[in-house]
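For reference, the structure discussed in these notes is given below.
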Amino acid sequence: MSDPCKAIASSLAAIICLATVPATGQEEMQVEYDVVEMPSHWVAPAPTGKGAGPVTEEMLRKSGSYTDKWLQYHGDDRGYRHSPIKALTPEKVKNLRLAGLLPTGTLGQQEVSPVVYDGIIYVTTSYNRLFALESATGKTLWRYDHQNPKDLRLCCGPPNRGVAIYGNTVLMATLDAHLLAFDRRTGALLWNRKMADYDKGYSATSAPLIVKGMAVIGIAGGEFGVRGFFDAYDVKTGELVWRHYTVPAAGEPGVETWAGESWKTGGAPAWTTGLYDAETDTLFWTTGNPSPDWNGDSRKGDNLYSNSLLAVEPETGKLKWHFQFTPHDLWDYDGNTHIFLLDFKQGNKVHKVVAQPNRNGYFYVIDRQSGEFLRGNAYLEQVNWATLDAKGRPIVSPHALPTESPTERVCPSNAGGINGAWTAAYNPDLNLAFIPAMEACSQFQKGLAIYMEGLPYTGGTFIQVDGRNKIAYGHITAYDVAKGEVSWRYHDPFPVSAGALSTAGGVVFSGSNSGAIALDARSGEKIWSFNLGAPIRSQPIAWQEDGKTYVAYGAGDSPSLAAMFGAPTHTSDGGLFAVFVLE
Amino acid sequence: MSRIAGLIAGVALSVAPLSQAQTDVQRGEQLFTALCSAYCHGRDPGKREAPYLFDCEWLHGGSEEEIFATVSNGVPDTRMVSFGGKLPNGDDDIRNLVSFLMANSGCQE
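Residue numbers (the working numbering), protein chains in the order written: chain C, 1 to 583; chain Y, 1 to 109.
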């Protein structure tokens, strides 16, 4: 008689199963067994929170002004991640103490930027668990664990960078390329939209952006030959309002920059969170690498709109203008790193600009009304792949090109610099941008470019030579945007891949391989640190409640990613969420 | 009896042993570089989700046939998908890949 326990052991249900026990001789004894179905969604029986009411469009557009909430991934509409909390000063932050911890119960990196509203902290984890925690106590109010398929198509770990909040809804995108909406007070699932087929190489990892009642979210898959896009969904109904393809199809403007039919598997994913500029009514979105990453033979041309800053009409998704950072990319220099909206004086003119530390090692300043390149300077200590001409177009060094038998050390590595997986921050009082960065150069090896749907389409590889030779390091750099030069650098022995938070009190919070750290925003001196037992990959936030000031972090990395960045891989797996308090 | 068993075993294997087939180690390297390395197995030792393939520790068997089967069938419930029937030269390309892995394996030492 076959063992019925074996048949159900492969399902997701936890089983308490007493096996059928054959007695001596011919008889078999029937024994009872229970099948216990483990839940994966815990809905609150009644609305939680303090009764604050729905999050309005107006609140989101002023999100950077609140001390008692944190509403957006970037902190505000300008990308500053600058908390107005004055209590977080260099003198006071040494008094931060650990207030609470939550194990995520998941492996891989924790990249969350939490949302705080109405006495509730919304935390997402790797592999798409969503916790709603009571902010005063850390108690779990409701929880949802997304059931991802086992054969996800991921290049770079299983992260999620947080929810978006609007009305009485929170939204989370998932690794199998869905967008889900929940009632923010009970956790009831409102709707679930499939963005794309995960088994064709698509996934989604970023926090959506809310603009005009729509949740804007882009997909990942630049290592799988997807055709990139970002979508706008009506938050109330889940209906798709528009889709913006980042790679033009035959007959569309820009397709002439793709040889033959290479646009069909062109990549240009849109896997980070953009910004909405109410002043110019423009939605800014950025894109990543063309496919295949390290072999451009089949896709001769600039490959628009990969590695680009896109200015888009928010209601329609229609393109206004673009600027491409790295045309015909052969290094995987995704152009979708953190952006800031600033005023920038050049000569006698004050320009409204988008400023960006790019993965390729250059800090760009682009006029955000015209798309004109104004300036580009290196923010890293090692940049040797290219220089920029007067229009910001790279002049590529021949030694940087991938070959079948590479010998050249190319800087920055494929992973950058700064990377779209974490944030930067900006202090408007000091005009300093704080950039967590990696200095880890690599070799680039060219291989065959073979497209097979749903399988890696990279055409080559990187060899992380600086990690191998133990010379990879990192820093948090304060970059004076007006002057175009580095103001100070805090060096770390290992690549830094944590996000950043700036405070009005003059502190920069970030992290490293050894934990959470805080620096004096004026000098870069380290003034506080806390070893959470795991590297920091998350985006710290701060808020105030009942007279106390809180700072929150996720901790935990993927050893695979650490290996790819040239960072140590010995740290334990497993994620944590931590809240610190200043009383 | 043992000769018949050997013959049956030979027929049951759908793979011609590598030593009997012409394999192209260089093409195997090109395939590895393109499909297996970048964000998966890599070329450097160190802990990764996708195992390092150039030591002598094989999770699913280190013989030619076992490595062929792992690449061809994938590993269920993991992100190692199946490559069988997908490469340009089919099973020949998988054999090329296997020959590259075995030629550079830590087992040689």
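All residues carry an ideal CB built from backbone N, CA and C; glycine is no exception.
A quick note: this is a predicted structure, and the numbers were derived from the prediction, not measured.
Sequence-distant residues of the same chain with beta carbon closer than 7 Å to residue i, five excluded per side
{"i": "C/L342", "result": "V353, A355, V481"}
{"i": "C/G274", "result": "L209, V216, L283, F284, W285, T286"}
{"i": "Y/S37", "result": "R43"}
{"i": "Y/G90", "result": "none"}
{"i": "C/I85", "result": "T67, T503, A504, G505, A542, Q544, T549"}
{"i": "C/A23", "result": "Caution is warranted here: a pLDDT of 46 is assigned to C/A23, below 50, making its placement in the model unreliable, and the coordinate value is therefore given only provisionally. Around C/A23: M29."}
{"i": "C/E583", "result": "K548"}
{"i": "C/G238", "result": "A181, W191, R193"}
{"i": "C/W258", "result": "G266, R299, G301, N303"}
{"i": "C/K318", "result": "V312"}
{"i": "C/R97", "result": "F580, V581"}
For residue i, the nearest candidate out of the options (CA to CA)
{"i": "C/L519", "options": "C/Y73, C/T89, C/S113, C/L71", "result": "C/T89"}
{"i": "C/P45", "options": "C/A52, C/I85, C/T140, C/E28", "result": "C/T140"}
{"i": "C/P114", "options": "C/V581, C/E381, C/F577", "result": "C/F577"}
{"i": "C/K150", "options": "Y/D92, Y/T78, Y/G106, Y/P88", "result": "Y/T78"}
{"i": "C/Y490", "options": "C/G499, C/S497, C/G474", "result": "C/G474"}
{"i": "C/Q539", "options": "C/A555, C/P357, C/G347", "result": "C/A555"}
{"i": "C/S523", "options": "C/R537, C/N531, C/T477", "result": "C/T477"}
{"i": "C/W294", "options": "C/D334, C/E261, C/T205, C/Y479", "result": "C/D334"}
{"i": "C/T571", "options": "C/E545, C/G533, C/L582, C/D145", "result": "C/G533"}
{"i": "C/D231", "options": "C/L179, C/G267, C/R184", "result": "C/L179"}
{"i": "C/E453", "options": "C/Q346, C/H74, C/G221, C/S63", "result": "C/G221"}
{"i": "C/G485", "options": "C/T569, C/P568, C/M195, C/F363", "result": "It should be noted that the sequence gives Glu, not Gly, for residue 485 of chain C. Closest option to C/E485, Cα to Cα, is C/F363."}
{"i": "C/H399", "options": "C/M195, C/L330, C/G167, C/V247", "result": "C/L330"}
{"i": "C/A207", "options": "C/L130, C/I418, C/Q445", "result": "C/L130"}
{"i": "Y/P51", "options": "C/D573, C/F565, C/S291, C/S560", "result": "C/S560"}
{"i": "C/N431", "options": "C/T48, C/Y202, C/K483, C/R393", "result": "C/K483"}
Neighbouring residues, chain Y, relative to residue i (Cβ below 8 Å)
{"i": "C/C155", "result": "A38, Y39"}
{"i": "C/I450", "result": "L31, A34, L35, L87, P88"}
{"i": "C/Q445", "result": "T33, S37"}
{"i": "C/D293", "result": "A38"}
Chain Y contact residues for residue i, given Cβ-Cβ distances below 7 Å
{"i": "C/E408", "result": "Correct list: empty, because the minimum Cβ distance to chain Y is about 16 Å."}
{"i": "C/T458", "result": "A34, A38"}
{"i": "C/E261", "result": "Result: empty, since nearest Cβ-Cβ is about 17 Å, beyond 7 Å."}
Start-to-end residues for the beta strand (DSSP E) that takes in residue i
{"i": "C/G511", "result": "507-512"}
{"i": "Y/Q30", "result": "That residue, Y/Q30, is in no beta strand (DSSP E); its alpha helix (DSSP H) goes 25-32."}
{"i": "C/R375", "result": "373-378"}
{"i": "C/Q214", "result": "Checking the sequence shown, residue 214 of chain C turns out to be Met, not Gln. 214-218 is the extent of the beta strand (DSSP E) around C/M214."}
{"i": "C/L175", "result": "Taken as a continuous stretch (DSSP letters only), C/L175 belongs to no beta strand (DSSP E), as it is neither H nor E."}
{"i": "C/A196", "result": "Per DSSP, C/A196 belongs to no beta strand (DSSP E) and is neither H nor E."}
{"i": "C/P103", "result": "97-103"}
{"i": "C/R489", "result": "485-492"}
Residues bridged to residue i (per DSSP)
{"i": "C/P357", "result": "C/F363"}
{"i": "C/Q544", "result": "C/T549"}
{"i": "C/K352", "result": "C/D343"}
{"i": "C/A437", "result": "C/H475"}
Partners in chain C for residue i, counting only beta-carbon separations shorter than 8 Å
{"i": "Y/D44", "result": "I463, Q464, G467, R468, A563"}
{"i": "Y/T78", "result": "K150, D151"}
Sequence-distant residues of the same chain with beta carbon closer than 8 Å to residue i, five excluded per side
{"i": "Y/E66", "result": "W58, H60"}
{"i": "C/T282", "result": "Y276, A311, V312, E313, P314, K320, R368"}
{"i": "C/V465", "result": "R409, C441, S442, Q443"}
{"i": "Y/L31", "result": "L87, D93, N96, L97, F100"}
{"i": "C/T316", "result": "W242"}
Proximal residues of chain C, C-beta to C-beta of residue i below 7 Å
{"i": "Y/R110", "result": "The first residue shown for chain Y is 1 and the last is 109, placing residue 110 of chain Y beyond what the model contains."}
The alpha helix (DSSP H) enclosing residue i, as first and last residue numbers
{"i": "Y/A103", "result": "90-103"}
{"i": "C/G467", "result": "465-468"}
{"i": "Y/I67", "result": "64-73"}
{"i": "C/P394", "result": "Here C/P394 belongs to no alpha helix (DSSP H); instead the beta strand (DSSP E) covers 394-396."}
{"i": "C/F325", "result": "Neither: C/F325 is in no alpha helix (DSSP H) and is coded neither H nor E."}
{"i": "C/L519", "result": "Segment 515-520 is the beta strand (DSSP E) holding C/L519; no alpha helix (DSSP H) there."}
{"i": "C/F565", "result": "559-565"}
Within chain Y, the residues that residue i reaches when beta carbons sit closer than 9 Å
{"i": "C/L455", "result": "L35, V81, F83, K86"}
{"i": "C/E223", "result": "A38, Y39"}
Cβ neighbours of residue i in the same chain (closer than 6 Å, five flanking residues each side left out)
{"i": "C/E223", "result": "C155, P456, T458"}
{"i": "C/Y451", "result": "G225, T265, Y457"}
{"i": "C/G416", "result": "R359"}
{"i": "C/F344", "result": "H351, V353, V365"}
{"i": "C/G108", "result": "S126, G157, P158, S558"}
{"i": "C/L448", "result": "none"}
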